[in-house]
Amino acid sequence: MALIGEKGVQRILLVTAFSAMSALLLIALFIVNEGVPFMFRYGIQGFLLSSDWDPSSGTFGIFPMIMASLWVTVGALLVGAPLGIAGAVFLSEFAPRPVMRVVKPAIELLAAIPSVVYGFIGVMVLAPLIREVFGGPGLSVLAASIILGIMILPTVISISIDSILAVPQSYREGSLALGATVWQTVHMVTVRAAKSGIIASVILGLGRAIGETMAVIMVAGNAVKIPDSPLDSVRTLTANIALEMSYATGMHREALFATGVVLFVVIIILNTVASVAMRKRAAKK
Amino acid sequence: MSDNVTAQYKIEIDGLNLFYGQFQALKSVPMSIQERMITALIGPSGCGKSTLLRCLNRMNDLIHGVRVQGSVHLDGIDIYRPAQDVTDLRKRVGMVFQRPNPFPLTVYQNVVYGLRVAGIRHSRSLDEIAERSLRRAWMWDQVKDKLDEPALELPLDQQQRLCIARLLAVQPEVILMDEPCSALDPIATMKVEELMLELKKDYTIIIVTHNMQQAARVSDFTGYMLLGEMIEFSETQVIFTRPTKKLTEDYITGKYG
Ligand SMILES: Nc1ncnc2c1ncn2[C@@H]1O[C@H](COP(=O)(O)OP(=O)(O)OP(=O)(O)O)[C@@H](O)[C@H]1O
Ligand SMILES: [Mg+2]
Numbered sequence: 001m002a003l004i005g006e007k008g009v010q011r012i013l014l015v016t017a018f019s020a021m022s023a024l025l026l027i028a029l030f031i032v033n034e035g036v037p038f039m040f041r042y043g044i045q046g047f048l049l050s051s052d053w054d055p056s057s058g059t060f061g062i063f064p065m066i067m068a069s070l071w072v073t074v075g076a077l078l079v080g081a082p083l084g085i086a087g088a089v090f091l092s093e094f095a096p097r098p099v100m101r102v103v104k105p106a107i108e109l110l111a112a113i114p115s116v117v118y119g120f121i122g123v124m125v126l127a128p129l130i131r132e133v134f135g136g137p138g139l140s141v142l143a144a145s146i147i148l149g150i151m152i153l154p155t156v157i158s159i160s161i162d163s164i165l166a167v168p169q170s171y172r173e174g175s176l177a178l179g180a181t182v183w184q185t186v187h188m189v190t191v192r193a194a195k196s197g198i199i200a201s202v203i204l205g206l207g208r209a210i211g212e213t214m215a216v217i218m219v220a221g222n223a224v225k226i227p228d229s230p231l232d233s234v235r236t237l238t239a240n241i242a243l244e245m246s247y248a249t250g251m252h253r254e255a256l257f258a259t260g261v262v263l264f265v266v267i268i269i270l271n272t273v274a275s276v277a278m279r280k281r282a283a284k285k
Numbered sequence: 001m002s003d004n005v006t007a008q009y010k011i012e013i014d015g016l017n018l019f020y021g022q023f024q025a026l027k028s029v030p031m032s033i034q035e036r037m038i039t040a041l042i043g044p045s046g047c048g049k050s051t052l053l054r055c056l057n058r059m060n061d062l063i064h065g066v067r068v069q070g071s072v073h074l075d076g077i078d079i080y081r082p083a084q085d086v087t088d089l090r091k092r093v094g095m096v097f098q099r100p101n102p103f104p105l106t107v108y109q110n111v112v113y114g115l116r117v118a119g120i121r122h123s124r125s126l127d128e129i130a131e132r133s134l135r136r137a138w139m140w141d142q143v144k145d146k147l148d149e150p151a152l153e154l155p156l157d158q159q160q161r162l163c164i165a166r167l168l169a170v171q172p173e174v175i176l177m178d179e180p181c182s183a184l185d186p187i188a189t190m191k192v193e194e195l196m197l198e199l200k201k202d203y204t205i206i207i208v209t210h211n212m213q214q215a216a217r218v219s220d221f222t223g224y225m226l227l228g229e230m231i232e233f234s235e236t237q238v239i240f241t242r243p244t245k246k247l248t249e250d251y252i253t254g255k256y257g
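This is the structure:
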């Protein structure tokens, strides 16, 4: 400290923050620059809404991948949101405090498990199970939904718990004092008061599910087709980029960047909605 | 004490001890509360007024590590007996808190909350009771056009009267009030006091207050507490004009501390 002084520290921090931000900005600009011109050249409608993806003949329709991402994400939502919210409610309102203090960080730690490990479990355990029980290829929308549903649990549980714990104790007391049971208090007052935070947690989880790549490549099967059953193999937007980027050139490469732009926009929208929801909660207090 | 003696008092507290972990917050407190009277609890901060009040609807059950000894009889029946249904008790003994705490729901949803919780679904009777309760709390005219607006957007004094209204909707027998006016300005305070005097016709009211004038103005009986003990409990007039204990006199005349 004495060596560089307060001013010096400030300057170093400023430079670090600035370079981090400009790196992010550059990446974003790069993707947009590579992808957007292609979209206009190829035609946005043809790119987004056509089902033909055949790079060798120069047709780039990502509609099957959009549908695949949609199915898988909604599937992850159906698996992850009820489990996550129920878990958060249980841990914050019913479990003894010491239990929550141990379990919550443990769940948050699950977010640190590399996604390839989730994918591995999906391939080794889940896909064979689905094949046996429901038939089909096993590697499917269903497998991806379940794996992603589990992967978003830490996000959903952790943020939901925080927002439930932020509900003033006076609401709970007011409800119990009117003769409500603990359960009635939880679902009629506490969860409603924490609603915007819980919604935000789910939306952030969704952002994670849409962006997830490795685990999805491993368990979704990667067939380019519009799914019509949860047991179908699909290829998501992220998987499409990751699978083909290594050998793509020219138009093909630009089409993959354009796919990236689509993902980018979707995730920005989701995060904006989530932060608006959270800000609404903060403003209410 | 047997449970089937005809009750002379609405509430009879006997030898009530309460421990927060190791700390004893109530020390062998006795108190007898008459029906349809206003009973005030006064005393310096931290003497156990809120604790005693919260024993009467068993809100202290919610606090981890609380131990209660002694007995509290409501209409002659011990509310700390194992078979007591606590939600049923809290419907009979309602509570108004120090800071208005309407739920973050609409005005209407707040008023009918206790009824919904009790399983009443019929919307016509809900509407009727909501209107009656809001009228009873003297706020129907102010909120009749705002029933679907968020309760938290009402001014503070209306929020507090809404809390009273939602209590009246479940038709309790006893109303506990823990410093209900401390967040309100003098005019709003006066209104709540008038309301209490009106409600006294039908309800037994127990109020904790820091404000001795308030106790003198509204209550029929007053208990003076100090360090967890009930120093003196008597008719309000007696407490304020000729208390029998020196400690009470010191507090009343402002010599305390
Ligand atoms: N949850 C709790 N855990 C431990 N001690 C508590 C708890 N609540 C209250 N106490 C202690 O019990 C004593 C009585 O508290 P209580 O809130 O009943 O006092 P009070 O007379 O209502 O005070 P005030 O006028 O400030 O509201 C105080 O010493 C307080 O510190
Ligand atoms: Mg108090």
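Chains as they are written, first to last, in the working numbering: chain A, 1 to 285; chain B, 1 to 257.
By construction, the Cβ of each residue, glycine as well, lies at the ideal position given by its N, Cα and C atoms.
For A:VAL72, would you say it is in contact with chain B, using Cβ-to-Cβ distances shorter than 7 Å as the test? As a working mapping, residue 72 of chain A is identified with position 72 in the first sequence. For A:VAL72, the answer is no, since every Cβ of chain B falls outside 7 Å of its Cβ.
Applying the criterion that 16 or more other CB atoms from any shown protein chain within 10 Å of the CB defines a buried residue, is B:MET230 buried or exposed? The residue given as residue 230 of chain B occupies position 230 in the second sequence. Burial call: buried.
Grab the span of the beta strand (DSSP E) containing B:LYS27 for me, first residue to last. Locating residue 27 of chain B in the second sequence gives position 27, counting from the first residue. Element bounds for B:LYS27: 23-33.
Taking 7 Å as the CB-CB cut-off, is A:LYS285 touching chain B? As a first step, residue 285 of chain A must be located in the first sequence, where it is residue number 285. Residue confidence is low: A:LYS285 scores 45 on pLDDT, short of 50, so the model does not pin down where it sits. Its coordinate-derived value is still stated next. With 7 Å as the cut-off, A:LYS285 does not count as an interface residue toward chain B.
Sufficient close CB pairs (3 or more, under 8 Å) joining the region 48-68 of chain A to the region 116-132 of chain A: no
Establish whether the CB of B:MET95 and some CB of chain A are separated by less than 7 Å. Residue numbering aside, residue 95 of chain B sits at position 95 when the second sequence is read from its first letter. Yes, because at least one Cβ of chain A sits closer than 7 Å to the Cβ of B:MET95.
Buried or exposed: where does B:LEU74 fall if 16 or more other Cβ atoms within 10 Å of its Cβ makes it buried? Sequence index remark: in the second sequence, residue 74 of chain B carries index 74 (1-based). Buried is the call here.
For a quick check, are the C-beta atoms of B:ALA169 and B:VAL111 less than 7 Å apart? On the second sequence, residue 169 of chain B is found 169 positions in, with the first residue counted as 1. On the second sequence, residue 111 of chain B is found 111 positions in, with the first residue counted as 1. At the C-beta level, B:ALA169 and B:VAL111 come within 7 Å of one another.
Within the structure, which residues are defined as neighbours of ligand 1 by a Cβ-heavy atom distance below 5 Å, reported in chain order? B:TYR20, B:ALA25, B:SER45, B:GLY46, B:CYS47, B:GLY48, B:LYS49, B:SER50, B:THR51 and B:ILE63
If A:LEU204 sits next to A:ILE159, beta carbons under 8 Å apart, how far is it from one beta carbon to the other, in whole angstroms? Translated into the one-based positions of the first sequence, residue 204 of chain A becomes position 204. Translated into the one-based positions of the first sequence, residue 159 of chain A becomes position 159. Right, the Cβ-Cβ distance comes to about 7 Å (below 8 Å), so this counts as a contact.
Output, in sequence order along the chain, the residues in the region 114-130 of chain B whose CB is closer than 8 Å to any CB in chain A. Cβ contacts with chain A: GLY114, ARG116, VAL117 and ALA118.
Taking Cβ positions, are A:ALA143 and A:ALA127 nearer each other than 7 Å? Taking the first sequence and counting its residues from 1, the one referred to as residue 143 of chain A is at position 143. Taking the first sequence and counting its residues from 1, the one referred to as residue 127 of chain A is at position 127. Contact annotation: A:ALA143 and A:ALA127 have beta-carbon atoms nearer than 7 Å.
If contact means a Cβ-Cβ distance below 8 Å, which residues of the region 173-200 of chain A contact chain B? GLU173, GLY174, SER175, LEU176, ALA177, LEU178, GLY179, ALA180, THR181, GLN184, MET188, VAL189, ARG192 and ALA193
Based on Cα-Cα distance, which residue from A:VAL116, A:MET124, A:ALA95 and A:GLY87 lies nearest to A:GLU108? Residue numbering aside, residue 108 of chain A sits at position 108 when the first sequence is read from its first letter. Residue A:GLY87 is the option with its Cα nearest to A:GLU108.
Could you spell out where the alpha helix (DSSP H) holding B:VAL68 opens and where it closes? Residue mapping note: residue 68 of chain B aligns to position 68 of the second sequence, counting from 1. Run containing B:VAL68: none in the alpha helix (DSSP H); it sits in the beta strand (DSSP E), 66-74.
Would you identify the three-state DSSP class for B:GLU193, choosing helix, strand or coil? As a working mapping, residue 193 of chain B is identified with position 193 in the second sequence. Residue state, collapsed to three classes: helix.
Would you say A:SER160 lies against chain B (beta-carbon separation less than 7 Å)? Position 160 of the first sequence holds residue 160 of chain A. No, because no Cβ of chain B sits closer than 7 Å to the Cβ of A:SER160.
Go to B:SER234, then tell me how far its alpha helix (DSSP H) extends in each direction, as first and last residue. Walking along the second sequence from the start, residue 234 of chain B turns up at place 234. Unbroken run through B:SER234 is the beta strand (DSSP E), 229-235; no alpha helix (DSSP H).
Test: A:TYR42 CB closer than 7 Å to a CB of chain B: Looking up residue 42 of chain A in the first sequence gives position 42. By this cut-off, A:TYR42 is not an interface position.
When you compare the region 170-178 of chain B with the region 83-98 of chain B, are there three or more beta-carbon pairs, one atom per stretch, that lie closer than 8 Å? yes
For the region 66-80 of chain B against the region 102-122 of chain B, are there 3 or more C-beta pairs whose distance is under 8 Å? Judged by pairs of C-beta atoms under 8 Å, the region 66-80 of chain B does not touch the region 102-122 of chain B, as fewer than three such pairs exist.
Contact list for B:VAL112 against chain A, beta-carbon separation under 8 Å: Your numbering for residue 112 of chain B matches position 112 in the second sequence. Residues of chain A passing the Cβ test: none, with the nearest at roughly 11 Å.
Identify the contact partners of A:SER50 in chain B, using a Cβ-Cβ distance below 8 Å as the criterion. Taking the first residue of the first sequence as 1, we reach residue 50 of chain A at position 50. Here the premise fails: no neighbours, minimum Cβ distance about 47 Å.
Over what stretch of residues does the alpha helix (DSSP H) that includes A:LEU165 continue unbroken? Taking the first residue of the first sequence as 1, we reach residue 165 of chain A at position 165. Its alpha helix (DSSP H) spans residues 153-165.
Is A:TYR171 close to chain B? Criterion is C-beta to C-beta, closer than 7 Å. The count along the first sequence starts at 1 and reaches residue 171 of chain A at position 171. For A:TYR171, at least one C-beta of chain B is nearer than 7 Å to its own C-beta.
Mind checking A:LEU13: buried by the 16 CB within 10 Å criterion, or exposed? Locating residue 13 of chain A in the first sequence gives position 13, where the first residue counts as 1. Under this definition A:LEU13 is an exposed residue.
If you check the beta carbons only, do B:ALA40 and B:THR248 fall under 7 Å apart? Mapped onto the second sequence, residue 40 of chain B falls at position 40. Mapped onto the second sequence, residue 248 of chain B falls at position 248. No, these two residues do not count as a Cβ contact at 7 Å.
Please list the segments of the alpha helix (DSSP H) lying wholly inside the region 87-171 of chain B, counting only runs of 4 or more residues, in order along the chain. 107-117, 123-136, 140-143 and 156-169
For chain A, find out if any of its Cβ atoms is closer than 7 Å to the Cβ of B:LYS246; answer yes or no. Here residue 246 of chain B is taken as the residue at index 246 of the second sequence, counted from 1. So, not an interface residue.
Alpha-carbon spacing of B:GLU128 relative to A:VAL202, whole angstroms: Reading the second sequence from its first residue, position 128 is the one you call residue 128 of chain B. Reading the first sequence from its first residue, position 202 is the one you call residue 202 of chain A. Answer to the nearest angstrom: the Cα atoms are 39 Å apart.
Can you give the beta carbon distance from B:LEU105 to A:ARG192, rounded, assuming they're within the 8 Å contact cut? Within the second sequence, numbered from 1, the residue matching residue 105 of chain B stands at position 105. Within the first sequence, numbered from 1, the residue matching residue 192 of chain A stands at position 192. 7 Å between Cβ atoms; contact.
Quick check: is the beta carbon of B:THR51 nearer than 7 Å to any beta carbon in chain A? Counting from 1 along the second sequence, the entry for residue 51 of chain B is found at position 51. Chain A, which has no Cβ nearer than 7 Å to the Cβ of B:THR51, makes this no.
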